[in-house]
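K.L.:
In my numbering, each residue carries its 1-based index in the first sequence increased by 11.
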Amino acid sequence: MNGKILPHKFYLRPTLDVARELLGKVLVHEAAEGETAGIIVETEAYMGADDPACHSARGLTPRTEVMFGPAGHAYVYFTYGMHYCFNAVTQPRGVAEAALIRALEPLDGAELMHKRRDRSRLTDLTSGPAKLCVAMGIDKACNGLDLTRPPLYIEDREIEPGEIVWRPRIGIRVATEHLWRCYIKGNPFVSKK
DNA sequence: GACCAGATTGTCT
DNA sequence: GACAATCTGGTCA
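Laid out in structure tokens, this is it:
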């Protein structure tokens, strides 16, 4: 690692602020097979009890337990019978909000990502929430991990994200009116324009 | 490029 | 039993 790991207090703020400021930060996973890292280029905010698209809006269940827990932990959920998605939990214990990481730009361990994903094009490795989980080796075992220490953490390598834009969230059927997805304009790894 | 259906299973009603 | 914070590969243009 050659950056500063983001502390818990980074995540103890309004989720929209955290989602925006995660852009340009670096997600690192030190797995047994090797280390992979990527620059976060796209996120979405899930706003808890008042957001019908948020898993936690229906209350505390075994699945959403981590989101109700303290900030700075990993919420990894399984969906569509085959995909994992990775979120960073925000807000204090009891407030169940999170920032979904939707896309990364590969930084370290691209070779290992290719091996895990079996895709030749670099832009196919991490340009989507389920894709990046495969490329980074993130699965159910990562659910609940503390993001301020290895093996899974997010650090600041002082990368300037560039121009940021806000757009409606993707892949949900309710609450689509909010501009709660943000990404780095023009970045080729963003999942969708 | 746009649009569409199929895959496949955990989670909640 | 219905549905899901998705991806892929097909068709048509």
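Every residue gets a Cβ at the ideal spot worked out from N, C-alpha and C, and that includes glycine.
Treat the numbers as computed from the prediction; the structure is a model and nothing was measured.
Check each candidate in Ala107, Val201, Ile16 and Leu111 and name the one with the smallest Cα separation from Leu136.
P.N.:
Val201
K.L.:
Assign Ser131 to buried or exposed, taking buried as 16 or more other Cβ atoms, counted over all protein chains shown, within 10 Å of its Cβ.
P.N.:
Flag for Ser131 reads exposed.
K.L.:
Can at least three beta-carbon pairs, one atom from the segment 29-41 and one from the segment 158-173, be found at a separation below 8 Å?
P.N.:
Cβ pair count under 8 Å is three or more, so yes.
K.L.:
Using the beta-carbon count (16 or more within 10 Å), is Asn13 buried or exposed?
P.N.:
Exposure of Asn13 is indicated by the presence of fewer than 16 other C-beta atoms within 10 angstroms of its C-beta.
K.L.:
Which complete beta strand (DSSP E) runs does the segment 57-145 hold, if anything under 3 residues is left out?
P.N.:
85-90, 94-101 and 108-119
K.L.:
Who are the Cβ neighbours of Pro179 in its own chain at under 8 Å, not counting the five residues just before and after it?
P.N.:
Thr187, Glu188, His189, Leu190, Trp191 and Arg192
K.L.:
Under 8 Å, with one C-beta from each stretch per pair, do the segment 71-88 and the segment 153-160 reach the 3-pair mark?
P.N.:
At 8 Å Cβ cutoff, the stretches touch.
K.L.:
If I'm right that Ala60 touches Leu118 with Cβ under 8 Å, what's the distance once you round it to whole angstroms?
P.N.:
Going by Cβ atoms, the distance from Ala60 to Leu118 rounds to 35 Å, so no, they are not a contact pair.
K.L.:
Out of Met124, Arg184 and Lys204, which one is the CA nearest neighbour of Asp62?
P.N.:
Arg184
K.L.:
Using the Cβ count rule (16 or more neighbours within 10 Å means buried), how would you classify Val100?
P.N.:
buried
K.L.:
Pull the bridge partners of His205 from the DSSP assignment, please.
P.N.:
Only positions 12 to 204 of the chain appear in the structure, and residue 205 is not among them; the question remains open.
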